[in-house]
Structure formats: C-alpha cells, structure tokens
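**Q** Take a look at this one; I'll ask things after.
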Amino acid sequence: MKIAINCIFCQPRGGGIKEYIYNIVNALSRIDHENQYILYVLKDCMDYARQMLPDVPNMRIKPIPYDSSKLSVIKRSLFSQLFWSTEEKVEQFDIFHSPFFHSPHFQHAKVLITVHDLRFCRYPSTYTLLRYLFLREAVKRSIKHADSIISISSFTKKEIVDVYGIEDRKVQVVHEAINREDFSLEKIKNYQVEEQAQSLVNTRFILSVGHIEPRKNYERLLQAFSQLKKRPETSDVKLVIVGKKGHHYKNVLAQMENTPDVHYMNFVSRELLLWLYKNASLFAFPSFYEGFGFPPLEAACFGTISAVANISSIPEICGDSALYFDPFSVEDMESALYRCLCDGGLIAKLKQSLIPNLDRFSWDRNARQTLETYQSLQ
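Pasting the structure below:
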C-alpha cells in the first residue's frame, strides 16, 4: 500500500496534533517496513520536519507548496482541494490519513481521519465565528465521507456517533499514549530550580496544568482550594496552576489574585514543568471536557497521584489510578483534594495503581492498531 499522511501540523507551534503526528509516524516506522508512506509537510517547515520525522527507506517527506495560515478560510479550502486532487493523480496513494478531524475529497483513495475531540461542538464560544462555521461544515462532511475514523477514546467515539449519527462500526478506538522517557527523572537530574519556583521548594503544593479557559473549571478548583485551606491539616498547602491564557481568562486570573497561596505560571520551561510534576503532592484535574486527558498520566510518570473529574474521557484514561470527584460540586472536589493529601491508605493504593495504568498506553500499540485500520481499508 501507499499511504499519504497529512503532516501539516508538523511545525514548531503545531500543538497537540504535532505530538500525535510525531509519535504515530515514528512508531509506524518501527513496526512497518513494507508499506510506502508519503509525509506531507508545509514547505517552510521541511527542515523542522526532517528533524522530527524518521529517515527510513519506506517513508519520504514531501512539501505542501502553500501556507494555509496566511489564507482566508475560503481560499484555504479551494487551494487545499486543488492540491490534494492533483497529488492523488500524481502519487496514486491508496489511503489518505488526516490526523485531525477534516479531510479533502478524493476520487479513489480511501480516507481515514483521526478525531481527538468535538470541542468545537460542545464549546463553540472558544472559536471565532468564522472558524466555528468552517469546522461545523468541514467536519460534518469529512466524518460522513470518511471510509474509517480513529477516535482517541471511547468517550470521543460515542460523541462522534451521537452527534453525526454514523454507524458504530465505522469508528475505531485507538488510545493515544505518552512517551514515558520524556517524563523521567533523567530529564531533570541536573536541573536547578528556576527563580519563579523557588518558593515551592520543600513545600506541599497541588499542581494543575491546562489552558486558562472555562472548560478547565479553574473557578471551582480555586473555590475548593480556599475551603481546603481552612482545615488545619492542609492550611500550609499551595496551589500551582500552569497554563497559557485562553478564552475568557480574565475572571479566572482575577480570582487567582484574590486567593492566597495560589501561584499562576503562564509559561514554564520543559524542565520546570517536569520538576513541578515530580514535586507536587497532588495533581488536580477538574476539567469538564477532555478527548483524552494527558496531564494525569504525565504526573503519574513521576509517582504523583491525581484527583480528577468523573466525566468525559477522564475515567476511561485514569482507570483506578485516581480519585474522582463531581466537577460541578465544590464540596466534593475539596473532599477529594483533602483525602489525596491526608489519607495515607488511599495515597498508597493510588500510587500502586499508577504504573499498571500507564502500561495500558503505548505508541507501538497505537501504531499496530492504526496499521490494522489501514489494512482493513484495502
């Protein structure tokens, strides 16, 4: 087979989809030496892509000659369709894999798309109106026309089936993973704590990581933390929130400023983030909506237990390695935080479950299941 993968997000600011592309392509290069792969990247990112993507005989990188970020939505759609229609004729690939939730139309190639979440459906206010309208139509069309769909969680699969009314068997659940070697003590063995974290050395703190936006539920976390501080056993605990400013962040930042012992970090180095994961007494994840939810797994790599919301994909991903709370109840959240800090038996039980839960996820397993999906399309 000849398989085309759209690696347009393989660029320095490609976000989570860039990580998905990097991991799945590298894992496929380890297990599949027979099929031919064409990896399409932006022409201005060719040097970056050569550093990120594998150099193996059955994979070649090919440039996309236009920069879609500089085009309007309408022009981008027209240029994209024209380019891919031409490429299908030139390369005659059998399968086109889009690592995100929309795809151009093809005459003969089978189309596989990966859907990470349907956040634009559930939280449209986090997108510009034009972007939302484009996604609403493009994703609907792509999901309806795709020959197969990979969903990164059973939760997201259910969302796809419910929202678009497609057949259950059209969607395959293939869990994502994390590279545990990227979250290891080896990465910070010579790390000197930066100035912005000096006050956290030798203190108990709760860590939470994620963009500052409504679905992350920081307002209730801050309320729960304020209640937690009133207990004598946890009056010394601090709260550290790491995340870039997203949509509607101002109210949350104002609430942080008015809550004692809260440390907000807009941007941290990779080393500092790992140090925070390692030294946190507890990781808190109060999010309303996650397609997968990586941060509790990242914390688990350092032996840090988590208190997490009991909705969306989070229970599916965390299994029995976390303590759950109702994210809409400040009281339930505060109780979970308290237990994870003060209940020795619970702490020991959760710590024993961290590695077995992490073992459920691997990129090699993801690649094998993705390859099986390719083969099913022949």
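Just so we're aligned: the sequence shown equals residues 28 to 405 in our numbering.
Using N, Cα and C, we set each Cβ at its ideal position, and we do this for glycine too.
Since the model is a prediction, treat every value here as computed from it, not as a measurement.
Kindly indicate the opening and closing residues of the alpha helix (DSSP H) around residue 38.
**A** Here residue 38 is taken as the residue at index 11 of the sequence shown, counted from 1. Premise fails: residue 38 is in no alpha helix (DSSP H) and is neither H nor E.
**Q** Which value, in whole angstroms, describes the spacing of the CA atoms of residue 202 and residue 387?
**A** As a position in the sequence shown, residue 202 is number 175, starting the count at 1. As a position in the sequence shown, residue 387 is number 360, starting the count at 1. Approximately 9 Å between the Cα atoms of the pair.
**Q** If you count every other CB in all the chains shown that lies within 10 Å of the CB of residue 277, and 16 or more means buried, which is it?
**A** Mapped onto the sequence shown, residue 277 falls at position 250. Exposed.
**Q** Quick check on DSSP: helix, strand or coil for residue 147?
**A** Indexing the sequence shown from 1 puts residue 147 at position 120. Helix at residue 147.
**Q** Should residue 57 be flagged as near chain C, meaning a C-beta pair shorter than 8 Å?
**A** You won't find chain C in this structure, because it holds only one protein chain.
**Q** Less than 6 Å between C-beta atoms, sequence neighbours within five positions excluded: which residues of the same chain meet that for residue 381?
**A** As a working note, residue 381 is residue 354 in the sequence shown. Excluding positions up to five away in sequence, the list reads 327 and 348.
**Q** Inspect the CB distances between the region 141-152 and the region 284-299 and report whether three or more fall short of 8 Å.
**A** Not touching, per the Cβ criterion.
**Q** Identify every residue that forms a DSSP beta bridge with residue 54.
**A** Your numbering for residue 54 matches position 27 in the sequence shown. For residue 54, which the question treats as bridged, DSSP gives no partner whatsoever.
**Q** So which of 170, 74 and 87 has the shortest CA-CA distance to residue 53?
**A** In the sequence shown, the residue the question calls residue 53 occupies position 26. Answer by Cα proximity: 87.
**Q** Where residue 166 and residue 366 are concerned, what is the direct C-alpha to C-alpha distance, given to the nearest angstrom?
**A** For the purposes of this step, residue 166 is taken as the residue at position 139 of the sequence shown. For the purposes of this step, residue 366 is taken as the residue at position 339 of the sequence shown. Taking the straight line joining both Cα atoms gives about 42 Å.
**Q** By a C-beta neighbour count over all protein chains shown, 10 Å radius and 16 as the cutoff for buried, is residue 223 buried or exposed?
**A** Position 196 of the sequence shown, counted from the first residue, corresponds to residue 223. Residue 223 comes out exposed.
**Q** Please return the same chain residues whose Cβ sits closer than 8 Å to the Cβ of residue 413, not counting the five positions on each side in sequence.
**A** With the chain covering only 28 through 405, there is no way to say anything about residue 413.
**Q** Measuring straight from C-alpha to C-alpha, what distance separates residue 228 and residue 219?
**A** Residue numbering aside, residue 228 sits at position 201 when the sequence shown is read from its first letter. Residue numbering aside, residue 219 sits at position 192 when the sequence shown is read from its first letter. Going from the Cα of residue 228 to the Cα of residue 219 covers about 11 Å.
**Q** Relative to the C-alpha of residue 258, which residue among 362, 304 and 28 is closest?
**A** Taking the sequence shown and counting its residues from 1, the one referred to as residue 258 is at position 231. It is 362 whose Cα lies nearest to the Cα of residue 258.
**Q** Please classify residue 272: does DSSP put it in a helix, a strand, or coil?
**A** Within the sequence shown, residue 272 is the residue found at index 245, counting from 1. Residue 272: strand per DSSP, three-state reduction.
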